[in-house]
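>
Protein chains: 2
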Amino acid sequence: MSDVWKKFEDNGLTHSSVHHLMAIDQLLKTNGYARGIDVAKHLDISRSSVSVTLHKLQSKGYIVEDENKFYHLTEEGRELTHDVLSTRRIVKKFFLEVLDLPENIAEEDACKVEHLLHLKTSARLFKFISFVNADETFNREFRKRFKSYKHTCSDDCDVCDDDCFYEKS
Amino acid sequence: MSDVWKKFEDNGLTHSSVHHLMAIDQLLKTNGYARGIDVAKHLDISRSSVSVTLHKLQSKGYIVEDENKFYHLTEEGRELTHDVLSTRRIVKKFFLEVLDLPENIAEEDACKVEHLLHLKTSARLFKFISFVNADETFNREFRKRFKSYKHTCSDDCDVCDDDCFYEKS
DNA sequence: AACAAAAGTAATATATGGCTAACAAAAGTA
DNA sequence: TACTTTTGTTAGCCATATATTACTTTTGTT
Numbered sequence: 000m001s002d003v004w005k006k007f008e009d010n011g012l013t014h015s016s017v018h019h020l021m022a023i024d025q026l027l028k029t030n031g032y033a034r035g036i037d038v039a040k041h042l043d044i045s046r047s048s049v050s051v052t053l054h055k056l057q058s059k060g061y062i063v064e065d066e067n068k069f070y071h072l073t074e075e076g077r078e079l080t081h082d083v084l085s086t087r088r089i090v091k092k093f094f095l096e097v098l099d100l101p102e103n104i105a106e107e108d109a110c111k112v113e114h115l116l117h118l119k120t121s122a123r124l125f126k127f128i129s130f131v132n133a134d135e136t137f138n139r140e141f142r143k144r145f146k147s148y149k150h151t152c153s154d155d156c157d158v159c160d161d162d163c164f165y166e167k168s
Numbered sequence: 000m001s002d003v004w005k006k007f008e009d010n011g012l013t014h015s016s017v018h019h020l021m022a023i024d025q026l027l028k029t030n031g032y033a034r035g036i037d038v039a040k041h042l043d044i045s046r047s048s049v050s051v052t053l054h055k056l057q058s059k060g061y062i063v064e065d066e067n068k069f070y071h072l073t074e075e076g077r078e079l080t081h082d083v084l085s086t087r088r089i090v091k092k093f094f095l096e097v098l099d100l101p102e103n104i105a106e107e108d109a110c111k112v113e114h115l116l117h118l119k120t121s122a123r124l125f126k127f128i129s130f131v132n133a134d135e136t137f138n139r140e141f142r143k144r145f146k147s148y149k150h151t152c153s154d155d156c157d158v159c160d161d162d163c164f165y166e167k168s
């Protein structure tokens, strides 16, 4: 009854919009400019879809289109892409380096989650990774121990079958 | 160009549908039955929305409606709710107990993510939490050390400002 | 049986997000 | 200049999700 579940939609921008924004960010960094067609190619969707979405992003203040149809991020847009990219990288790093998950799973799950988590969550996660990965005897030992603990059953065993989690929690 | 971002929509069921399913699961456990109206009250949305969504869930094979309009989970539905609930609990536990995040953030973020993560991710996370929380000297020491490490700067400092993460990663 | 309350559903509306096709404008080229 | 290519925009379509209002059906009571 607590309605926490309804907050899923609360994220200002959708997953898709965020990726339009990040496409611009990346294009600016790699090519120095970003037009509609560039975003369309980058995301592999039609020019028309991009046109519509980018105009929405502009009306919401995340980007501006100059007189030559080149797009630029506003301060707000820059902040948002920075936050989302940070979160993605941190989460992926955690999945890969701490949980030792395979690349494709780490990549997909991080991407799904990147725009949903609170900043505080990713900040704390970053701190946690830094600690776990610290180059000190104790932390090295921790990583070593988890690695062997992780292998106490096979990589594909499904630890969550048979309600084991419910019993333990 | 890798199109990982497009997988966001790939989850068979939406966040909202999954919550309809979980509402039925919970109502069955607490009341012993679940009708449309019960789901509507539980989720605090209109009967009509529920009606549409539940018929979709039925056509997808997650639930069945009996001759008296009572809903029941199919095996597939049971599996899905079990998986999602597991993931939510595991993720929340991680946020709360390992990252030491506040209750509301842990709750919200876990809820947003519960239906998106691979099962393998939550299974591995479960294993990780179990290891971290193990009642042994070494693990206790780990928790203690992270706790003080975490406080090397204030709880509200934004570790990800100023591109610090990009530099370090 | 008659009526009222409860529950379900259809029609309708809004929003997202994609597509194609048609067209417009700009830039490049013969 | 005239033709072609590139790019952008609009309109129309489709599908999904989610909600509301208004209507129908079912159920229960008198």
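Protein sequence lines correspond, in order, to chains A and B.
Take 0 as the starting number for the first sequence in numbering that gives the first Met the number 0 and just add one per residue.
Take 0 as the starting number for the second sequence in numbering that gives the first Met the number 0 and just add one per residue.
Note that beta-carbon positions come from the ideal geometry of N, C-alpha and C, so glycine has one too.
Is there a C-beta anywhere in chain B that falls below 7 Å from the one on Arg123 (chain A)?
yes
> Quick check on His114 (chain B): does DSSP put it in helix, strand or coil?
coil
> Counting only beta-carbon separations shorter than 7 Å, does Phe7 (chain B) have a partner in chain A?
yes
> Which whole-angstrom value describes the C-beta separation of Val3 (chain A) and Glu107 (chain B), a residue pair presumed to lie in contact below a C-beta threshold of 8 Å?
6 Å
> Using the rule of at least 16 other Cβ atoms within 10 Å of the residue's Cβ for burial, across every protein chain shown, is His150 (chain B) buried or exposed?
exposed
> Between which residues of its own chain and Leu118 (chain A) is the CB-CB distance below 7 Å, once the five residues before and five after are set aside?
Leaving aside the five residues that flank Leu118 (chain A) on each side, the residues in its chain whose CB is nearer than 7 Å to its CB run, in chain order, Asp82.
> In terms of residues, what are the limits of the beta strand (DSSP E) holding Glu96 (chain A)?
Premise fails: Glu96 (chain A) is in no beta strand (DSSP E) and is neither H nor E.
> Would Ala39 (chain A) and Val49 (chain A) qualify as a contact pair, given that the criterion is a beta-carbon distance under 7 Å?
yes
> So with Cβ pairs under 7 Å, would you call Glu233 (chain B) a contact of chain A?
As displayed, chain B neither begins before 0 nor continues past 168, which places residue 233 (chain B) out of reach and without an answer.
> Just the chain A side, please: which residues come within less than 7 Å of Tyr148 (chain B) by C-beta, in chain order?
Phe130
> Quick check: the Cα distance between Lys146 (chain B) and Arg34 (chain A), rounded to an integer number of angstroms?
47 Å
> Is the beta carbon of Asp37 (chain B) sitting closer than 7 Å to the one on Leu27 (chain B)?
no
> Whole-angstrom Cβ separation of Tyr148 (chain A) and Phe137 (chain B), contact assumed at under 8 Å?
No, Tyr148 (chain A) and Phe137 (chain B) are not in contact; Cβ-Cβ is about 11 Å, not under 8 Å.
> State yes or no: is the beta carbon of Val90 (chain A) nearer than 7 Å to at least one beta carbon in chain B?
no
> In the DSSP assignment, find the unbroken beta strand (DSSP E) run with Glu64 (chain B) in it and report its ends.
62–64
> Please list, in chain order, the chain A residues whose beta carbon lies closer than 7 Å to that of Lys119 (chain B).
Leu100, Ile104
> For Val63 (chain A), count the other beta carbons within 10 Å of its own beta carbon; 16 or more makes it buried, fewer makes it exposed. Which is it?
Sixteen is the threshold: since fewer than 16 other Cβ atoms of the shown chains lie within 10 Å of the Cβ of Val63 (chain A), the residue is exposed.
> Can we say the stretch 40–47 of chain A touches the stretch 77–95 of chain A, given the rule of at least three CB pairs closer than 8 Å?
no
> Is any beta-carbon of chain A found at less than 7 Å from that of His170 (chain B)?
Chain B is shown only over 0 to 168; residue 170 (chain B) falls outside these bounds and no answer can be derived.
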